[in-house]
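Structure, as structure tokens:
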DNA sequence: TATTGTTATACTCTATAACTATA
DNA sequence: TATAGTTATAGAGTATAACAATA
């Protein structure tokens, strides 16, 4: 029972990641959003986050890295950020209605563009791939508390 | 027939990529290899590459970025690099026997470590996932001539 | 003149470590 | 004293562009 020869997982994932970035980039810049800004909007999309540090951790960023991003999004009225009355050290961050609308519009565009990539698969394969990818994603999300992206080296 | 709600592809792939880097890192540094050095060894593993630029493109790096890596690997006797007699502008780069052995040992270790991640899947899912990932990988490899990794932003 | 490899440089991204304000 | 957020800074990683050698 010999193992199938295959490229490393990372060797297959990274080129795919590059293509996905290339797909997202024009969509994001059409709405004047950086990758991190979109990550913040996505991170806030599900449920409101209590602290900025928690938000940063959830999207795999350093807490200091998200601050200019939050400044910008707040200035543009896409998020609200106000001190928690109960503990004035923490900032309650949330999407504004407009932020929510931008987020869902952009996400829809991105996912539509991603479909072009997935269309190369049969419907069955496509479904199975997304399901398994989601499983792995959830499994690493609980295993590894989100961390900042290590750089190249 | 409503679309299933799902996170963006990139949002699922990137955390997975981070975990894979974390898995590879200790294995690579045990052999004193950087990520790019391993990418070079991998790139040379299949068939010898004729030019350094082609090698760089194959691993998604800038041609100037691989030079210090090649210097180091050559100094350590893991690769050979000699001018092509037929066109002395180009350097013929190849794995030495020792380089080949290091590469296959390290790759075996990495893939063994990756299996721990894949073990969270059923054998069927695991097989299907690897097969589909490979399909996508091949499809983007021909579509997008390998390019340097765009940075965050 | 065009191409391969190389070097030097400027730029971007990033984490770290101080600092503030609250508790 | 400890924690959330902020700011400033130094370091790493990168692409760009100029350069040398060969064609």
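Residue numbers (the numbering used here), protein chains in the order written: chain Y, 266 to 418; chain W, 266 to 418.
In this text, a Cβ means the ideal position worked out from N, Cα and C, and glycines have one as well.
Note that the structure is a prediction, hence the values are computed from the model and not measured.
- The Cβ atoms of residue 371 of chain W and residue 281 of chain W lie no closer than 8 Å to each other.
- Residue range 331-340 is occupied by the alpha helix (DSSP H) that includes residue 335 of chain W.
- For the C-beta of residue 374 of chain W, not a single chain Y residue is nearer than 9 Å; the gap to the nearest is close to 11 Å.
- In the DSSP assignment, residue 362 of chain W falls within the unbroken alpha helix (DSSP H) covering 362-383.
- Residue 333 of chain Y is outside the set of residues whose beta carbon lies under 8 Å from a beta carbon in chain W.
- Judged by DSSP in its simplified three-state form, residue 357 of chain W adopts strand.
- Distance from the CA atom of residue 308 of chain Y to the CA atom of residue 350 of chain W, rounded to whole angstroms, is 56 Å.
- Per DSSP, reduced to three states, the secondary structure at residue 348 of chain Y is strand.
- For the pair residue 335 of chain Y and residue 344 of chain Y, the CB atoms are nearer than the 8 Å cut-off.
- For residue 344 of chain Y, there are no neighbours in chain W by C-beta distance under 8 Å, as the nearest C-beta there is about 18 Å away.
- Take residue 310 of chain Y, set aside five residues on each side of it, and the residues of its chain with a beta-carbon closer than 6 Å to its own are 368, in chain order.
- Of all alpha-carbon atoms in W:288, W:286, W:275, the one lying nearest the alpha-carbon of residue 287 of chain Y is that of W:275.
- Not flagged as an interface residue toward chain Y: residue 322 of chain W, since no C-beta distance is shorter than 8 Å.
- Considering only beta carbons, the part of the region 285-303 of chain W lying closer than 8 Å to chain Y consists of 285, 286, 287, 289, 290, 299, 300, 301, in chain order.
- Counting other Cβ atoms within 10 Å of its Cβ, residue 407 of chain Y stays below 16 and is therefore classed as exposed.
- For residue 314 of chain Y, the beta-bridge partners assigned by DSSP are Y:358.
- When secondary structure is reduced to three states using DSSP, residue 288 of chain W falls in the helix class.
- With respect to residue 404 of chain W, residue 385 of chain Y sits close: the two C-beta atoms are nearer than 8 Å.
- Listed along the chain, the chain W residues whose CB falls inside 8 Å of the CB of residue 282 of chain Y are 275, 278, 279, 282.
- Rounded to whole angstroms, residue 302 of chain Y and residue 296 of chain Y show a C-alpha spacing of 11 Å.
- With fewer than 16 other CB atoms across the displayed protein chains lying within 10 angstroms of its CB, residue 373 of chain W is exposed.
- Residue 304 of chain Y and residue 273 of chain W have their C-alpha atoms roughly 10 Å apart.
- Note that the region 313-329 of chain Y touches the region 352-359 of chain Y; at least 3 beta-carbon pairs, one per stretch, sit closer than 8 Å.
- If you ignore the 5 residues before and after residue 342 of chain W, its C-beta comes within less than 7 Å of the C-beta of 361, 363, all in its own chain and listed in chain order.
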